[in-house]
Amino acid sequence: FCTATCPTYVTLGNELDSPRGRIYLIKDMLENGRAADEQIVTHIDRCLSCLACTTTCPSGVDYMHLVDHARIHIEKTYRRPLMNRLTRNMLAMVLPYPGRFRLALKLAALGRPFAGIFDQVKSLKPMAAMLRLAPSKVAPPSDFARPAIHAASAARRGRVAILTGCAQPVLDPGINEAAISLLTRLGIEVIVPQGEGCCGALVHHMGREEQALESARRNVDVWTRAIEAGGLDAIIVTTSGCGTTIKDYGHMLRLDPAYAEKAARVSSLAKDVTEYLSTLDLPIAETKGLTVAYHSACSLQHGQKVTMAPKLLLKSAGFTVKDPPEGHLCCGSAGTYNIMQSEISAKLKTRKVKNIESTKPDIISAGNIGCMTQIGSATGIPVVHTVELLNWAYGGPRPKALDRRAGV
Numbered sequence: 591f592c593t594a595t596c597p598t599y600v601t602l603g604n605e606l607d608s609p610r611g612r613i614y615l616i617k618d619m620l621e622n623g624r625a626a627d628e629q630i631v632t633h634i635d636r637c638l639s640c641l642a643c644t645t646t647c648p649s650g651v652d653y654m655h656l657v658d659h660a661r662i663h664i665e666k667t668y669r670r671p672l673m674n675r676l677t678r679n680m681l682a683m684v685l686p687y688p689g690r691f692r693l694a695l696k697l698a699a700l701g702r703p704f705a706g707i708f709d710q711v712k713s714l715k716p717m718a719a720m721l722r723l724a725p726s727k728v729a730p731p732s733d734f735a736r737p738a739i740h741a742a743s744a745a746r747r748g749r750v751a752i753l754t755g756c757a758q759p760v761l762d763p764g765i766n767e768a769a770i771s772l773l774t775r776l777g778i779e780v781i782v783p784q785g786e787g788c789c790g791a792l793v794h795h796m797g798r799e800e801q802a803l804e805s806a807r808r809n810v811d812v813w814t815r816a817i818e819a820g821g822l823d824a825i826i827v828t829t830s831g832c833g834t835t836i837k838d839y840g841h842m843l844r845l846d847p848a849y850a851e852k853a854a855r856v857s858s859l860a861k862d863v864t865e866y867l868s869t870l871d872l873p874i875a876e877t878k879g880l881t882v883a884y885h886s887a888c889s890l891q892h893g894q895k896v897t898m899a900p901k902l903l904l905k906s907a908g909f910t911v912k913d914p915p916e917g918h919l920c921c922g923s924a925g926t927y928n929i930m931q932s933e934i935s936a937k938l939k940t941r942k943v944k945n946i947e948s949t950k951p952d953i954i955s956a957g958n959i960g961c962m963t964q965i966g967s968a969t970g971i972p973v974v975h976t977v978e979l980l981n982w983a984y985g986g987p988r989p990k991a992l993d994r995r996a997g998v
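Numbering (this note's numbering), first residue to last: 591 to 998.
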């Protein structure tokens, strides 16, 4: 079952690039107490952590935590080639910090003409991929990313915190703006707590355990203070990749006596924005006459098992919703995968966009900024976050991304 749904096995046809093959390699390495070698690193690095295998596995193998453990072991026991180390260090030092990331994107505009040159050198291909993915314009910082309490504009019926994130508010600040605007109109008080930051997903998937746990502890402390100050019904996440990690804080910090209980409480409160909106009984909206192809991000459908809520909300909001063929397959974004494994990622992107475009949609909807950036780089169809479409349907402004295509 797992090989048929594994994007790298489907693309490469190599048993060692399937979940079964990787489990064999990991088991052999860990049970024999061996340091990671080049072969193991190659095949583990090619894993997208899309978790499609966990959805289809009849035995319930916990592949997610197994590959996480392997990555930690690799980080501790394997010395990567120089350029690979430098690239990974740069990503870890830049992407989780909005100010640094915004500056890097502005500098990327100067380097974009050299992308073709970087592509000629294997070790510099990640640099070429970064330059091509960088947007031509960088939005200014949004006021919604600052610590604040956004009062409910209707009769209050809930109180939530929202993760503003690190990469998303730089790449598309309109997403959190739409979420806060919609929630407050529905009677939900939304707080952006002082001190929250990157969820730690990026470094977690690099095997940098201590850095990931540091991010987790910081956010757990921030949200625990918010819980104790006035209670929280949920911690809203608008980037599904972050949501999967936050929902795993309880596991990540299970051995830390000072944080185990607090982390488990935070994980239990973490909700994708569509999960939470589904509890608010939104009314049926006027038909929009627009067809939406819904891209189900791997971190949402496989990592969090949230599959129907976004589509049902879009249908209630007046959109015609279509499921693209091979919806279970990853688009190839997968955090920094489209940078570090750009050739495999490009093949997956082409396949994904072809499947989406076959539904002839007016709009593509997704719940993860990485997927949106990846798919948007290969199609002229506007790619819009699900919550932006819902905000528009229930009285908010038209999403700016729709201006990319006339007639929408």
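C-beta: ideal position from N, C-alpha, C; glycine also.
Source: prediction; values computed, not measured.
Residue i classed as buried or exposed, judged by whether at least 16 other C-beta atoms fall within 10 angstroms
i: E876; result: exposed
i: V600; result: buried
i: K901; result: buried
i: F734; result: buried
i: F704; result: exposed
i: M619; result: buried
i: K942; result: buried
i: H975; result: buried
i: N604; result: exposed
i: H633; result: buried
i: E621; result: exposed
i: T940; result: exposed
i: M796; result: buried
i: L822; result: buried
i: R999; result: Absent from the model: residue 999. The displayed extent of the chain is 591 to 998, so no value can be given.
i: T963; result: buried
i: C592; result: buried
i: S857; result: buried
Alpha carbon of residue i to alpha carbon of residue j, nearest angstrom
i: A996; j: V973; result: Note that A996 has pLDDT 48, beneath the 50 cutoff, so the model's placement of it is unreliable and the number below is only indicative. Cα to Cα, A996 sits roughly 14 Å from V973.
i: D913; j: H885; result: 7 Å
i: T595; j: K937; result: 15 Å
i: L859; j: G922; result: 29 Å
i: L803; j: K878; result: 44 Å
i: Q710; j: Q931; result: 15 Å
i: P915; j: I954; result: 14 Å
i: P759; j: I765; result: 8 Å
i: A956; j: G893; result: 15 Å
i: I836; j: V750; result: 15 Å
i: K712; j: R636; result: 16 Å
i: Q629; j: E799; result: 22 Å
i: P609; j: K617; result: 12 Å
i: Y984; j: A907; result: 7 Å
i: G820; j: T814; result: 10 Å
i: E947; j: I874; result: 27 Å
i: K990; j: I825; result: 26 Å
i: K696; j: K727; result: 8 Å
i: A854; j: V810; result: 9 Å
i: F708; j: G748; result: 51 Å
Nonlocal neighbours in the same chain, by C-beta distance under 6 Å from residue i, ignoring five residues either side
i: P763; result: A729, S732
i: I929; result: P716, A719, M720
i: K905; result: V911
i: T926; result: L681
i: L773; result: V780
i: A848; result: none
Proximity to residue i [Cα-Cα], best of the options
i: G785; options: L772, T754, A626; result: T754
i: A625; options: L641, L872, R661; result: R661
i: A741; options: E779, S771, P725, S713; result: E779
i: A699; options: Y614, V977, Y927, L723; result: L723
i: L776; options: M619, Y866, P648; result: Y866
i: R678; options: E665, P688, G689; result: E665
i: T834; options: H633, A806, G917; result: A806
i: P725; options: F909, E947, R692, F708; result: R692
i: L979; options: L992, S967, I971; result: L992
i: L903; options: Y927, A744, L919, L872; result: L872
i: M683; options: C756, T667, Y668, A744; result: C756
i: C788; options: I817, T829, G748; result: T829
Proximal residues to residue i (C-beta, below 8 Å), its chain only, five neighbours per side dropped
i: A1041; result: The requested residue 1041 does not occur in the structure, where the chain is confined to residues 591 to 998.
i: R988; result: W982
i: D652; result: T644
i: R670; result: V631, R678
i: V793; result: A682, P686, Q801, A802, S805
Check whether residue i and residue j have beta carbons under 8 Å apart
i: T864; j: V896; result: yes
i: G831; j: N958; result: yes
i: A924; j: L638; result: yes
i: L641; j: C961; result: no
i: L890; j: D862; result: yes
i: I971; j: P951; result: yes
i: V977; j: A769; result: yes
i: V782; j: R746; result: no
Minimum Cβ-Cβ distance from residue i to chain B less than 8 Å
i: I707; result: The structure shown has no chain B; it contains just one protein chain.
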